[in-house]
Amino acid sequence: MANSFDVIVLGGGPAGYVCAIRCAQLGLQTAVVEQDKLGGVCVNIGCIPTKALLHSAYIAHLLKESKDFGVEAGEVKTDYGVAMKRSRRVADQNSKGVEFLMKKHKITVVRGTGVLQPGKKVKVGSDVYEAKKAVVIATGSRVKGIPQIGLEINKTTVISSDEALLMEKIPATLAIIGAGAVGMEFADIFNAFGVKVTIIEALPRILPLEDAEASDAVGKSYRKRGIEVIAGAKVTKATVAKDKVTLDVEAGGEKKQIVAAAVLMAAGRAVNIENVGLKECGIQLTERGFIKVDKNLQTSTAGYYAIGDVAGPPMLAHKGSREGVVVAEIIAGQKPHSIKYDNVPSVTYCHPEVASIGMTEDQCKEKKLDYVAGKFPFSANGRARGTGETEGFVKILRDKKYGEILGAHIVGPSAYELVAEVVAAMEAEATVETLISTIHAHPTLYESLGEAFNAVYGLAINA
Ligand code: NAI
55 MANSFDVIVL GGGPAGYVCA IRCAQLGLQT AVVEQDKLGG VCVNIGCIPT KALLHSAYIA
115 HLLKESKDFG VEAGEVKTDY GVAMKRSRRV ADQNSKGVEF LMKKHKITVV RGTGVLQPGK
175 KVKVGSDVYE AKKAVVIATG SRVKGIPQIG LEINKTTVIS SDEALLMEKI PATLAIIGAG
235 AVGMEFADIF NAFGVKVTII EALPRILPLE DAEASDAVGK SYRKRGIEVI AGAKVTKATV
295 AKDKVTLDVE AGGEKKQIVA AAVLMAAGRA VNIENVGLKE CGIQLTERGF IKVDKNLQTS
355 TAGYYAIGDV AGPPMLAHKG SREGVVVAEI IAGQKPHSIK YDNVPSVTYC HPEVASIGMT
415 EDQCKEKKLD YVAGKFPFSA NGRARGTGET EGFVKILRDK KYGEILGAHI VGPSAYELVA
475 EVVAAMEAEA TVETLISTIH AHPTLYESLG EAFNAVYGLA INA
């Protein structure tokens, strides 16, 4: 039957398309239903174009400092429109890459909005597709506004990352609400392109999920670059005019008004669970509004699985991709290693970059763990001195009794790559002692990791 497959994946983002490929690799006849471009938010309007823009911001930053390095590039001019168009080309290339992969693996791509039906069926327009083995829900998430205080996304003065990634001309002033990954990354980009940025965070510190020392280091760096950082602040009211937004903000017992040409909403995302047909299929939600899944990522209805953002936090592409692989292997009858959610790395690609895995120091304290921290600053790393990027540090948290790595927190150059050593070590359940005896090439940034592991015993060499 033309409309019958072993597996139907609803959504072609980093969770869905990866799941489809692994299904196909394991010999399952697979279809992906996608209403927009393949690659989802990550590829088209999230991770990938943002990183292209962050690189433009980084080049601007390097050029401004290049004289110190004996290179004069003349007056530095920035053009967001040009950077944006380049980022679009990068995103399109990636999306086309996913299309190619679908063809390569003989995965059928059904274009349109899919709605689940009982009996492992998916309706797309007037067509009904049937899955013999399983349906995988990977419909992702979207930006949300805060309508209760008058901040509904209007695409001109109140924007989301979607608009920020597509605009040709940028506002002179921008207030960003939310200092999670989205807010912090766009603050970095727009600051580099000459926008006066104010970032407002409701919780007591920016990047609230990161280690407190990491938040402090990034906050300091942002302020030095002229980004206004306001934490512990509540936006109580927003007045939206044609060409500006006025925010009433309460912070530290004081009230103030922030006026900006535009507001970027970066206060979290909402999962795409409406109009998907969940209720009709008896698929239950958790108290927090994610799709309820068991340890195999199967929903409350047999034969329906959920992966990625809809299956709960962390809402990160790489977590979704891993879930995609695991679910595909389960459907194919294999027994994959279950996902250790404590070992999902997190990266914010602002400058200085922030990467982490495991527990923060505050979490170790809350859990009353007997731990010790080892810290090494990039200012003492020869390679970092060479590039002039000496902000930040590596911090390792070690369980005192067993030597287990409880957490790692890196702020600084290439943090996003450096964290990989700890991610692999934690997955392999390597101890701090194993990493102390690991030889780190010289001169590298990752020597700082070796030093931080030694610093746990107060034995860092270069600090
Ligand atoms: P988020 O949940 O990470 O951060 C939102 C921030 O907004 C929080 O710190 C929250 O306390 C704050 N907030 C909420 N309401 C507020 C209010 N009324 N006033 C001031 N602050 C308020 O969400 P974000 O940054 O929008 O990202 C969405 C998802 O996408 C997250 O799960 C994030 O991890 C993921 N993402 C990951 C990236 C990466 O891995 N580099 C990049 C971008 C997004």
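So in my numbering, spot 177 of the sequence shown is number 231, and the numbers just go up one at a time.
Glycine is no exception: its CB is placed at the ideal position from the N, C-alpha and C atoms.
| Asked | Found |
| --- | --- |
| Presumed contact (8 Å Cβ cut-off) between Ala-314 and Thr-252, rounded CB distance | 7 Å |
| Bridge partner(s) assigned by DSSP for Ala-360 | Ile-191 |
| Residue burial classification, Asp-363 (beta-carbon count within 10 angstroms, cutoff 16) | buried |
| Heavy atom of the ligand NAI within 7 Å of Leu-257 beta-carbon | yes |
| Sequence ranges, beta strand (DSSP E) only - wholly within the segment 256-281, length at least 3 | none |
| Gln-338, buried or exposed, once every other Cβ within 10 Å from all chains shown has been counted against 16 | exposed |
| Nearest-angstrom Cα separation, counted from Asp-122 out to Ser-392 | 50 Å |
| Any non-hydrogen atom of the ligand NAI within 7 Å of Val-313 CB | no |
| Same chain only: Cβ atoms within 7 Å of Ala-305, ignoring 5 sequence neighbours per side | Ile-284, Gly-286 and Ala-287 |
| Alpha-carbon spacing of Ile-281 relative to Pro-103, whole angstroms | 22 Å |
| Entirely enclosed beta strand (DSSP E) segments - the segment 374-461, minimum 3 residues | 400-402, 408-412, 425-431 and 447-453 |
| Three-way DSSP call (helix, strand, coil) for Gly-504 in this model | helix |
| Proximity below 8 Å, CB of Ser-375 to CB of Val-72 | yes |
| Where Tyr-395 falls, given that 16 or more other Cβ within 10 Å makes a residue buried | exposed |
| Where the beta strand (DSSP E) containing Phe-344 begins and where it ends | Looking at the DSSP string, Phe-344 is not in any beta strand (DSSP E), and its letter there is neither H nor E. |
| heavy atom of the ligand NAI below 7 Å from Ile-254 C-beta | yes |
| Coil, strand or helix - Glu-206 by DSSP | coil |
| Close Cβ partners of Ala-145 (< 7 Å) along its chain, the five nearest in sequence each way excluded | Val-97, Asn-98, Ile-102 and Pro-103 |
| Distance, Phe-430 Cα to Gly-412 Cα | 18 Å |
| Same chain only: Cβ atoms within 6 Å of Ser-269, ignoring 5 sequence neighbours per side | Arg-259, Ile-260 and Leu-261 |
| Local Cβ density within 10 Å of Val-182, reported as buried at 16 or more and exposed below that | exposed |
| Cα-Cα separation, Val-401 to Tyr-134 | 24 Å |
| Thr-414 Cβ short of 7 Å to the ligand NAD heavy atom set | The ligand NAD is absent from the structure shown, which contains only the ligand NAI. |
| Cα-Cα separation between Asp-216 and Val-197, rounded to whole angstroms | 8 Å |
| Boundaries (first-last residue) of the beta strand (DSSP E) holding Met-319 | 316-319 |
| Any non-hydrogen atom of the ligand NAI closer than 7 Å to Glu-239 Cβ | yes |
| Proximity below 8 Å, CB of Leu-64 to CB of Val-190 | yes |
| Other residues of its chain near Ser-195: CB distance less than 8 Å, five sequence neighbours each side excluded | Val-95, Arg-323, Ala-324, Val-325, Asn-326, Asp-363, Val-364 and Met-369 |
| Backbone secondary structure at Phe-59 - three-state DSSP | strand |
| Coil, strand or helix - Tyr-183 by DSSP | strand |
| Neighbourhood of Lys-454 by C-beta distance below 7 Å, restricted to the same chain and skipping five residues each side | Asp-424, Tyr-425 and Val-426 |
| Best match in Ser-214, Val-272, Asn-148 and Thr-293 for proximity to Gln-202 [C-alpha to C-alpha] | Thr-293 |
| Leu-370 beta carbon near the ligand NAI (any heavy atom closer than 7 Å) | yes |
| Buried or exposed (CB count within 10 angstroms, at least 16 for buried), Pro-497 | exposed |
| Neighbourhood of Gly-446 by C-beta, 6 Å cutoff - its chain only, sequence neighbours within 5 removed | Ala-271, Pro-406, Phe-432, Val-465 and Gly-466 |
| Unbroken alpha helix (DSSP H) run spanning Ala-292, endpoints | Premise fails: Ala-292 lies in the beta strand (DSSP E), 287-294, not in any alpha helix (DSSP H). |
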